[in-house]
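Single-structure report; data block below.
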Amino acid sequence: MPHFEVVTAVAAPPDRVFEACLDVEAHTRSMAGSSERAVGGRTRGGLSLGDTVTFQARHFGLTWRLTARITAYDPPQCFVDEQDAGPFKRWHHSHHFEPDGTGGTVMRDVIDFASPFGFLGRVADRTVLSFYMPRLIRTRNAYLAGALR
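Residue numbers for the sequence shown follow my numbering, beginning at 174 and rising by one.
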């Protein structure tokens, strides 16, 4: 199963970064390049434990929907979102926030995912998604880091 981590420095305290990462509208703004929008569940404001949101976006020329649920919530240190429904066989994204000692935050995204379709899904994971997904998370994080300055 593919696994990757993205570490991002953010010039804002952990509580602000934690809240921004759970804000549905901030998420959709950060993913404007894929025309992402919230179409189900909680479509505005901040998410909390047990909340779901369905995002619709365009990737690889196709429209996809993914419903995520907040399955762990420990403010302002960590939260986890997991796919309830969508294109992946598995999607587990843990978000970690640690003070950097200067008033900022070290944000660490840890993601495990797997595509469906057996052998073909594993090929897609290794040849395309293992490169595409970290880039998507880095783009999202760069937007959030800039917005929180």
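From the three backbone atoms N, C-alpha and C, an ideal C-beta is built for every residue, glycine too.
For K262 and D247, what's the separation of their Cα atoms in angstroms?
Taking the straight line joining both Cα atoms gives about 26 Å.
In terms of residue numbering, what span does the beta strand (DSSP E) encompassing M174 cover?
No beta strand (DSSP E) holds M174; DSSP gives it neither H nor E.
When we look at the beta-carbon of F286 and count the other beta-carbons within 10 Å, is it buried (16 or more) or exposed?
Buried, because 16 or more other Cβ atoms sit within 10 Å of the Cβ of F286.
Which same chain residues end up closer than 7 Å to E192 when comparing Cβ atoms and leaving out the 5 residues on each side of it in sequence?
Result list for E192: G219, in chain order.
Considering only DSSP beta bridges, list what T236 is partnered with.
DSSP, once it has assigned bridges, lists R231 as partnering T236.
Identify the residues that DSSP records as bridge partners of D254: which are they?
Its beta-bridge partners are I243, H266.
Out of R238, S267, G234, H232, which one is the CA nearest neighbour of V226?
It is R238.
Considering only their Cβ atoms, is the gap separating L302 from P175 smaller than 8 Å?
Result yes, Cβ atoms of P175 and L302 sit closer than 8 Å.
With contact counted as at least three CB pairs below 8 Å, one residue from each stretch, are the region 267-284 and the region 206-217 in contact?
Flag = no, the region 267-284 and the region 206-217 do not touch.
Following the continuous alpha helix (DSSP H) through R202, name the residue where it begins and the one where it ends.
That run of the alpha helix (DSSP H) goes 197-203.
Helix, strand or coil for G219, going by three-state DSSP, please let me know.
Residue state, collapsed to three classes: strand.
Taking the alpha-carbon of A320 as reference, which of A182, Q256, E178 has the nearest alpha-carbon?
Measuring from the Cα of A320, the nearest candidate turns out to be A182.
With burial defined as no fewer than 16 other Cβ atoms inside 10 Å of the residue's Cβ, what is the status of L195: buried or exposed?
Flag for L195 reads buried.
Do you know how far the Cα of L222 is from the Cα of F252?
About 8 Å.
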